[in-house]
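Asks:
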Amino acid sequence: MAFLEGKKALITGFASDRSIAAGIARAMHREGAELIFTYQGDKLEGRVREFAQSLGSDSVHALDVASDDDLAALTDAIRARHGHLDIAVHSIGFAPRDALQGRFIDNTSREAFGIAQDISAYSFAALARAVLPLMEGRQGAMLTLSYLGAERAVPRYNVMGPAKAALESTMRYLAADLGPDGIRVNAISAGPIKTLAAAGISGFRSMLSKAEGMSALKRNVTADEVGNVAAFLCSDLASGITGEVTYVDAGFRMMGFAEGGAGD
Ligand code: NAD
Ligand code: 0WE
10 MAFLEGKKAL
20 ITGFASDRSI
30 AAGIARAMHR
40 EGAELIFTYQ
50 GDKLEGRVRE
60 FAQSLGSDSV
70 HALDVASDDD
80 LAALTDAIRA
90 RHGHLDIAVH
100 SIGFAPRDAL
110 QGRFIDNTSR
120 EAFGIAQDIS
130 AYSFAALARA
140 VLPLMEGRQG
150 AMLTLSYLGA
160 ERAVPRYNVM
170 GPAKAALEST
180 MRYLAADLGP
190 DGIRVNAISA
200 GPIKTLAAAG
210 ISGFRSMLSK
220 AEGMSALKRN
230 VTADEVGNVA
240 AFLCSDLASG
250 ITGEVTYVDA
260 GFRMMGFAEG
270 GAGD
């Protein structure tokens, strides 16, 4: 099949083999894409290089999305090394840990709100601006990762909820702006997956098992299942889709209520 043959794809947000970015990279590699990776902070460089190598890539670049200098340097490095880009994947989110516990109203400071918006939402617009010159004249695709907390009040997701709402809106504005250039912009809203970002969240395990019981498929999704949809959305097979949120959540969001759960 190899529906990404000849495409060059930038993958941000790899932190471990469990990262959603890892599932996306595996799927895109399988479908023939040439991969370019970024890492945040020196501690992650080795891990990202090792993973990149396992997928035939040695194009690995530092990127902290809080830094405009990093973003500018990334554009230059990709241009020098690869000439152009077809796909850019934004798989980055962050809020101060203290804000992801207890009640939203108690634990959402002005500072935490600003950080969550900057790193989790604005950074998609900043990344899009940085890679746009590399996509000029190509049928490019950009993708970001969201979560149901954007549109529903999920306990303890707190300040990340408004950040994901802003991210989904940012995605639509980018899709509107870049549509005339033939560049598509989409989001995947993924069900909960036990990645590093999730591991430190108190109560995450019980949330995983509740989500499993309430979903239509009676299970959670994997990073590789998200990866397959990401590869599709960034391929020419999805040439008619832009500005959309696609749910990869084992049929959690669409359920009214589930039978067989607690209380039956
Ligand atoms: P992860 O911890 O594996 O990945 C998060 C990544 O964000 C890390 O690689 C980290 O280095 C990067 N990051 C954080 N701050 C950064 C910065 N300033 N500059 C550059 N990179 C930065 O976790 P994940 O679950 O794979 O998260 C990836 C995306 O998927 C996030 O946007 C997250 O909100 C979203 N998501 C996760 C789940 C889930 O349950 N795991 C569900 C839906 C959506
Ligand atoms: O978007 C996320 C996780 C985002 C995240 C995680 C962390 C942990 C470490 C953002 N910032 C931080 N900061 C840290 O210091 N998800 C969709 C996974 C997730 O996180 C939750 C969830 C789900 C689902 C937090 C509370 C409730 C549900």
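Here my numbering is used: the first residue of the sequence shown is 10, the next is one more, and so on. From the three backbone atoms N, C-alpha and C, an ideal C-beta is built for every residue, glycine too. Since the structure is predicted, the reported quantities are computational estimates derived from the model, not experimental observations.
(1) Tell me which residue opens and which closes the alpha helix (DSSP H) that residue 193 is part of.
(2) Opposite residue 183 in the DSSP bridges: which residues?
(3) With DSSP as the reference, identify every bridge partner of residue 20, one or two as the case may be.
(4) Identify every residue that forms a DSSP beta bridge with residue 70.
(5) Verify the CB distance criterion: does residue 167 have a CB-CB separation below 7 Å to chain C?
(6) If you follow the alpha helix (DSSP H) that residue 140 is part of, which residue opens it and which one closes it?
(7) By a C-beta neighbour count over all protein chains shown, 10 Å radius and 16 as the cutoff for buried, is residue 96 buried or exposed?
(8) Hey, quick one: how far does the beta strand (DSSP E) through residue 155 stretch, first residue to last?
(9) Compute the minimum distance between the beta carbon of residue 109 and the heavy atoms of the ligand 0WE, and state whether it is under 6 Å.
(10) Go through its chain and collect everything with a Cβ distance to residue 254's Cβ below 7 Å, but skip five positions before and after it.
(11) Hey, out of 139, 89, 91, 87, whose CA is closest to residue 80's CA?
(12) Thinking C-beta only, is residue 224 closer than 7 Å to residue 174?
(13) Output the distance between the C-alpha atoms of residue 38 and residue 64, rounded to the nearest integer angstrom.
(14) Going by Cα to Cα distance, which pick from 125, 194, 119 is closest to residue 153?
(15) Just jot down, in chain order, the residues whose CB lies closer than 6 Å to any heavy atom of the ligand 0WE.
(16) Going by C-alpha distance, which of 100, 98, 124 is nearest residue 109?
(17) In whole angstroms, give me the CA-to-CA distance for residue 228 and residue 216.
(18) Keeping to the same chain, check which residues put their C-beta closer than 7 Å to that of residue 126; ignore five residues upstream and five downstream.
(19) Got a sec, what are the start and stop residues for the alpha helix (DSSP H) residue 238 sits in?
(20) Give the straight-line distance between the Cα atoms of residue 148 and residue 192, rounded to the nearest whole angstrom.
(21) Residues in the same chain with beta-carbon distance under 7 Å from residue 221, minus the five sequence neighbours each way, listed in chain order, please.
(22) Could you tell me if the beta carbon of residue 5 falls within a distance shorter than 6 Å of some heavy atom in the ligand NAD?
(23) Quick test of your reading: residue 100 and residue 29, contact by CB under 8 Å. State the CB separation rounded to the nearest angstrom.
(24) On the DSSP bridge assignment, give the partners of residue 255 in chain order.
Replies: In this structure, then:
(1) It is not in any alpha helix (DSSP H) - residue 193 instead sits in the beta strand (DSSP E) that spans 193-199.
(2) Per DSSP, none; premise fails for residue 183.
(3) 46, 98
(4) 47
(5) Of the protein chains in this structure there is only one, and it is not chain C.
(6) 132-144
(7) buried
(8) 150-155
(9) yes
(10) 155, 177, 196, 198
(11) 139
(12) no
(13) 7 Å
(14) 194
(15) 102, 103, 104, 106, 109, 156, 163, 165, 166, 169, 201, 206, 207, 209, 210, 216
(16) 124
(17) 12 Å
(18) 172, 175
(19) 232-242
(20) 5 Å
(21) 227, 228, 229
(22) Since the first and last residues shown for the chain are 10 and 273, residue 5 lies out of range.
(23) 5 Å
(24) 197
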